[in-house]
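Visitor: Under my numbering, think of the first position of the sequence shown as 2, with each following residue one higher.
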Amino acid sequence: MPLRRSGPARRTVPIAAGTLVSFLSVLALPLALPGLATASETSKRPAHPEADWMGSTIVAHEGGAPAGGPEPRAGHRRAVAGVDVSSHNKKVGWSALRRSGVRFAYVKATEGNNYTNPYFAQQYRGSYSSGMIHGAYHFALPDNSSGSTQARYFADHGGDWSRDGRTLPGALDMEYNPYGATCYGKSAKGMVNWIEDFVETYREETGRDAVIYTSTNWWKRCTGNSGRFGRTNPLWIPRYGSSVGALPAGWRFHSIWQHTSSGHPVGDRNRFNGSFSRLKVLANGDD
Numbered sequence: 002m003p004l005r006r007s008g009p010a011r012r013t014v015p016i017a018a019g020t021l022v023s024f025l026s027v028l029a030l031p032l033a034l035p036g037l038a039t040a041s042e043t044s045k046r047p048a049h050p051e052a053d054w055m056g057s058t059i060v061a062h063e064g065g066a067p068a069g070g071p072e073p074r075a076g077h078r079r080a081v082a083g084v085d086v087s088s089h090n091k092k093v094g095w096s097a098l099r100r101s102g103v104r105f106a107y108v109k110a111t112e113g114n115n116y117t118n119p120y121f122a123q124q125y126r127g128s129y130s131s132g133m134i135h136g137a138y139h140f141a142l143p144d145n146s147s148g149s150t151q152a153r154y155f156a157d158h159g160g161d162w163s164r165d166g167r168t169l170p171g172a173l174d175m176e177y178n179p180y181g182a183t184c185y186g187k188s189a190k191g192m193v194n195w196i197e198d199f200v201e202t203y204r205e206e207t208g209r210d211a212v213i214y215t216s217t218n219w220w221k222r223c224t225g226n227s228g229r230f231g232r233t234n235p236l237w238i239p240r241y242g243s244s245v246g247a248l249p250a251g252w253r254f255h256s257i258w259q260h261t262s263s264g265h266p267v268g269d270r271n272r273f274n275g276s277f278s279r280l281k282v283l284a285n286g287d288d
C-alpha cells in the first residue's frame, strides 16, 4: 500500500511575546465543545451490530424455513458449499467445517462507518488457513453516512481484495433496516444512488465490483426494482426454500444463494451457483 506523501515543510515565523501568550491560551482550549463530537459519533454508532448478520432481518420480514430449511433441489447438489459468519458466531471451528465440505466463507468486517467485527481476524484468517476461499462483507446502514464513506471504511477495515486466487470480492449486504424505517428513510431513487455511490467507490478502492446481497422483496420495495446493477455486480440472494425463486430486476442469474439462516454449528449456509473452478474465477477477477 503506497505511503501518503507528507506536506510541504512549514516555515518558522517569530512570534511576539504577547502574541505567544494568546496563542498558547488558544492551544489550551478543548479541541471541541464537551460532548458535541462524541454525541454526534454515538448517534451514528449501531446499537446492536452483533445482532446484525447477513440475513438477520430477512426471516422477520419475509418468513421462510431458516432452521436448516429444505435441502436444495437435486440440480444444485454439485454447487459449492459455503458459509457466512459474523461476531455472533464468535470463534469458528474452520477445520471441522472444511472437513464437512464447506469450501468458501464470507466474514462480516464492518457495519455503517464505525463498527468492526471483533472476531474478524480469527474468522477471516482462520477460514483461509483451513484451505477455504474467503471474502468479507459490509452490513450497510444507508441512513448512517454516504455510500462512498462506508465503502472506504469497509475497504480499509478488512474488505480489500487481493489477487491471491483465494480472496473473493467484498459483498454489500442490503437488507431491512434493523433500527427503523425499512428503506432507511430513502426514496427508491435515493437508495439506488446510495448503492451506486458505494459500488463505484469500492471499485475505485479495490479494482473489483462488489457482490450485492439482497432479497427480491426488499429490492423491489426499496429500489423500485432497479435493474442498474445486474450487469456489473454479482448477486447473492437469500431465500430459505427449495429454490432461489424470482430474482431482482437486472440479474439473469444469481452467483450465491443463502438457503438457510440458522443451525449448528454455523447456520448461514450458501451455495455458489457453479463449479469450484468458476468460484476461483470469481476470486481471481478473471472475465
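Every residue gets a Cβ at the ideal spot worked out from N, C-alpha and C, and that includes glycine.
Could you tell me the boundaries of the beta strand (DSSP E) in which F273 lies?
Guide: Taken as a continuous stretch (DSSP letters only), the beta strand (DSSP E) holding F273 covers 269–273.
Visitor: Inspect the beta-carbon positions of F199 and G83 and report whether they are closer than 8 Å.
Guide: For F199 and G83, no; Cβs fall outside 8 Å.
Visitor: Would G171 and G136 be called neighbours here (beta carbons separated by less than 8 Å)?
Guide: Cβ atoms of G171 and G136: closer than 8 Å.
Visitor: On the DSSP bridge list, what partners appear for T1?
Guide: Lying outside 2 to 288, the shown extent of the chain, residue 1 is not represented and no answer is given.
Visitor: Can you tell me whether DSSP reads K91 as helix, strand or coil?
Guide: Three-state DSSP puts K91 in coil, outside helix and strand.
Visitor: Closest to W54 by C-alpha separation, out of G113, G94, L98, A80, would be which residue?
Guide: Checking every option, the nearest Cα to that of W54 belongs to G113.
Visitor: Just to confirm before moving on: does the CB-CB distance between F155 and A110 stay below 8 Å?
Guide: Yes, these two residues count as a Cβ contact at 8 Å.
Visitor: From this set, P179, R209, P266, which residue's C-alpha is nearest N90's C-alpha?
Guide: Selected option, being the one with the closest Cα: P266.
Visitor: Between the alpha carbons of G148 and E197, how many angstroms are there, rounded?
Guide: Approximately 8 Å, taken between the alpha carbons.
Visitor: What is the DSSP secondary structure of K109, counted as helix, strand or coil?
Guide: Of the three classes helix, strand and coil, the one that applies to K109 here is strand, per DSSP.
Visitor: Just verifying my parser: in three-state terms, what is the DSSP assignment at Y129?
Guide: Residue state, collapsed to three classes: helix.
Visitor: Drop a sphere of 10 angstroms on the beta-carbon of G159, count the other beta-carbons inside from all chains shown, and report buried for 16 or more, exposed for fewer.
Guide: By the neighbour-count rule (16 or more Cβ atoms within 10 Å), G159 is buried.
Visitor: Exposed or buried, which one is A33 when buried takes at least 16 other CB atoms within 10 Å?
Guide: Here the model assigns A33 a pLDDT of 31, short of 50, so the residue's position is not dependable, and the following value carries that caveat. Burial call: exposed.
Visitor: From which residue to which residue does the beta strand (DSSP E) around L236 run?
Guide: 236–239 is the extent of the beta strand (DSSP E) around L236.
Visitor: Rank E206, P143, Y107 by C-alpha distance to the C-alpha of G181 and give the top, closest one.
Guide: With distances taken between Cα atoms, G181 lies closest to P143.
Visitor: Considering only C-alpha positions, which residue in the set R104, W252, W258, F140 is nearest to P47?
Guide: That would be F140, whose Cα lies nearest to the Cα of P47.
Visitor: Who are I213's beta bridge partners in DSSP?
Guide: Bridge partners of I213: L173, L236.
Visitor: Report the rounded CA-to-CA distance for H49 versus S244, giving the unit in angstroms.
Guide: Approximately 31 Å between the Cα atoms of the pair.
Visitor: Alpha carbon to alpha carbon, how far is G286 from D161? Give it in angstroms, no decimals.
Guide: Those two C-alpha atoms are separated by around 13 Å.
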